[in-house]
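Protein chains: 2
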Amino acid sequence: MARRSSLSTGDIARHCQVTPATVVNWIKAGKLKVYTTPGGQYRMEVKEFLKFLDENKFPVPEELSPANERRILVVDDDQQILDLATEALGEYMPSATIETSADGYDALLKIGSFKPHAVVLDLMMPRLDGAEVCRRLRANQETRNIFIVAVSGLATDNELVRKVKRIGVDEFFAKPLNYEDVAKALKKLLKVVG
Amino acid sequence: MARRSSLSTGDIARHCQVTPATVVNWIKAGKLKVYTTPGGQYRMEVKEFLKFLDENKFPVPEELSPANERRILVVDDDQQILDLATEALGEYMPSATIETSADGYDALLKIGSFKPHAVVLDLMMPRLDGAEVCRRLRANQETRNIFIVAVSGLATDNELVRKVKRIGVDEFFAKPLNYEDVAKALKKLLKVVG
DNA sequence: GACGGCGTAATGAGGTTCTCGTCCATTTCC
DNA sequence: GGAAATGGACGAGAACCTCATTACGCCGTC
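Line by line, the protein sequences are chains A and B. Our numbering puts the first residue of the first sequence at 5, with every later residue one more than the last. Our numbering puts the first residue of the second sequence at 5, with every later residue one more than the last.
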């Protein structure tokens with residue numbers, strides 16, 4: 005499920021392979037159930053959109069499909085942590101597919117191909133750090149809705165925490181990690197039941 | 005012509021060398037698996053179309069054949085150059101799909117999802133520069149075989165050229181670019197005939 | 001071999017839907 | 001609060017759908 009629960013005409017246009025203007029046509033013809041912002045822009049609930057796609061036999065984009073499969077990418081420069089995280093999260097979320105990256109660059113490459121629903125991201129990495137990765141993800145249309153769970157060893161660095169929250173991190177944990185908590189947070193974000 | 009994932013009746017008609025009206029006949033006869041836009045126009049997914057072609061022993065049109073598919077990513081921080089390159093390369097290599105990135109980070113994300121066969125890479129970019137991108141691509145199993153065409157404004161900086169060649173760039177060009185040459189190099193690397 | 005019936009494809013007119021480009025307002029991000 | 005991205009309105013033109021009509025090849029029959 006997407007991070008946002010409402011779509012703009014542009015989002016819908018992209019999914020339907022149509023121009024935004026066409027989407028506006030549909031709206032004006034009453035074919036799409038939308039509401040408007042005070043400023044007069046159209047918004048549509050994901051749930052409504054999925055119903056619409058189904059009714060019109062439109063192919064459903066994978067990232068909106070409510071399928072149970074969940075992909076999670078764990079990024080940390082410490083291989084031991086990666087191994088531990090894979091095992092622990094796999095335990096708590098047996099239906100999830102978990103992959104790992106050892107640095108920010110590799111994470112970006114992998115996010116593009118693996119298209120995870122959520123990323124568990126160490127903020128303190130050499131070279132390309134987590135904060136930068138966050139920013140890139142949020143800046144990119146395709147990856148904007150990926151959930152980000154940030155992790156840092158410097159629990160007390162409130163400045164960092166605040167900065168990262170501002171970038172748009174969905175959850176924050178301090179090392180050492182309690183994977184049960186992390187899994188719980190992920191489940192909540194990804195709306196996985198059980 | 006950009007490679008979309010859905011076709012209109014006109015697209016199908018062109019590929020099958022019939023008139024659009026005939027395609028509509030096929031659709032109404034249930035021979036083509038299509039869906040319709042709210043406005044009542046037919047759309048067909050490329051995947052379905054290829055299946056249909058195969059079942060009916062239709063020859064697969066060049067530009068849809070997976071064997072002839074060529075994807076090229078152009079990376080430069082100058083939007084004007086991106087526009088120019090897209091147009092020029094599109095001209096010389098009409099069957100190729102061309103996408104662009106304005107910086108190194110976005111390039112990594114896009115390489116992951118777009119999986120280009122070749123990357124045209126400006127070496128001099130702010131923040132994450134082209135040389136670093138090269139190194140990452142060559143270090144990663146998945147991206148190791150992507151062809152890299154490096155581009156730089158500093159033609160005379162032989163040190164840079166040598167360094168980049170060492171990283172494993174396949175071709176090098178100095179700005180300003182002669183796109184015909186670039187296209188020729190790409191065709192040779194990608195083994196595109198004609 | 002000529003003929004008509006049948007199914008499929010092409011043609012053309014008329015109205016609708018979609019795209020594209022421009023301009024301006026809204027929203028988002030820092 | 002300001003800059004940049006995103007979205008909405010609008011008009012021109014291309015693409016598309018419907019429907020009626022015509023053209024073509026295939027078949028069996030006379």
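All C-beta atoms in this analysis are idealised placements derived from N, C-alpha and C, irrespective of residue type, glycine included.
Which one of E66/A, E52/A and M128/A has the shortest CA to CA distance from D82/A? Comparing Cα positions, the closest option is M128/A.
Quick check: is the beta carbon of R18/B nearer than 9 Å to any beta carbon in chain A? So no, R18/B is outside the interface.
Evaluate the contact criterion for the region 144-158 of chain B versus the region 170-186 of chain B: three or more CB pairs, one atom per stretch, below 8 Å. Judged by Cβ distances under 8 Å, the region 144-158 of chain B makes contact with the region 170-186 of chain B, as three or more pairs qualify.
N- and C-terminal bounds of the alpha helix (DSSP H) containing E52/B: V50 to E59 is the extent of the alpha helix (DSSP H) around E52/B.
Could you compute how far the alpha carbon of L112/B sits from the alpha carbon of V123/B? Whole-angstrom Cα-Cα distance: 11 Å.
Using a Cβ cut-off of 8 Å, pull out every chain A residue sitting near G116/B, in sequence order please. Going along chain A in sequence order, the residues near G116/B (Cβ under 8 Å) are L112, L113, K114, I115, G116, S117 and F118.
Ends of the beta strand (DSSP E) at I102/A? I102/A -> beta strand (DSSP E) spans A100 to S105.
Mind reading off the beta-carbon distance from R74/A to S99/A? Whole number of angstroms is fine, and I expect it under 8 Å. In this structure R74/A is in contact with S99/A, their Cβ atoms being roughly 7 Å apart against a cut-off of 8 Å.
From this set, K35/B, I31/B and I85/B, which residue's C-alpha is nearest G44/B's C-alpha? Nearest option by C-alpha distance: I31/B.
For N149/B, which residues in chain A fall below 7 Å Cβ to Cβ? The premise fails here: N149/B is roughly 14 Å from chain A at the closest Cβ pair, so nothing lies under 7 Å.
Counting only Cβ-Cβ distances shorter than 7 Å, please list the residues of the region 133-145 of chain B near chain A, keeping chain order. Within the region 133-145 of chain B, the residues whose Cβ lies closer than 7 Å to some Cβ of chain A are R140 and N144, listed in chain order.
Please classify I10/B: is it buried, with 16 or more other beta-carbons within 10 angstroms of its beta-carbon, or exposed? This sequence places Ser at residue 10/B; Ile is not what is there. It counts as buried.
For A71/B, which of H121/B, A89/B and D110/B has the nearest alpha-carbon? Proximity to A71/B across H121/B, A89/B and D110/B peaks at H121/B, based on C-alpha coordinates.
Members of the region 39-57 of chain B that neighbour chain A once the beta carbon cut-off is set at 8 Å: For the region 39-57 of chain B, which is checked against every Cβ of chain A, the residues closer than 8 Å are Y39, T40, T41, P42, G43, R47 and E49.
So, is the C-beta of R8/B closer than 9 Å to a C-beta in chain A? Judged by the 9 Å Cβ criterion, R8/B is in contact with chain A.
When you check each C-beta in the region 59-89 of chain A against every C-beta of chain B, which residues fall closer than 9 Å? Of all residues in the region 59-89 of chain A, N60, K61, F62 and P63 have a Cβ within less than 9 Å of some Cβ in chain B.
Nearest CA to the CA of L158/A: which residue from A178/A, S117/A and P65/A? The shortest Cα separation from L158/A among A178/A, S117/A and P65/A belongs to A178/A.
Express the C-alpha separation of D126/A and A187/A in angstroms, rounding to a whole number. Taking the straight line joining both Cα atoms gives about 15 Å.
Just the C-alpha distance for K195/B and E67/B, rounded to the nearest angstrom, thanks. Approximately 15 Å between the Cα atoms of the pair.
Host alpha helix (DSSP H) of V27/B (start-end): For V27/B, the uninterrupted alpha helix (DSSP H) segment begins and ends at P24 to K32.
Could you please give me the residues that DSSP links to T40/A through a beta bridge? In the DSSP output, where bridge partners are listed per residue, T40/A has Y46/A.
Can a CB atom of chain A be found closer than 9 Å to the CB of Y183/B? Y183/B does not count as touching chain A.
Amino acids of chain A, ordered along the chain, whose beta-carbon sits closer than 7 Å to that of Y109/B: Chain A residues near Y109/B: L112 and R140.
Check whether the Cβ of T101/A lies closer than 9 Å to any Cβ atom in chain B. Contact with chain B is absent for T101/A, since none of that chain's Cβ atoms lies less than 9 Å from the residue's Cβ.
So is A122/A in contact with chain B if we call contact Cβ pairs under 9 Å? False, the Cβ-Cβ gap to chain B never drops below 9 Å.
Cutoff 9 Å: K37/A Cβ touching any chain B Cβ: Taking Cβ atoms only, chain B never reaches closer than 9 Å to K37/A, which makes this a no.
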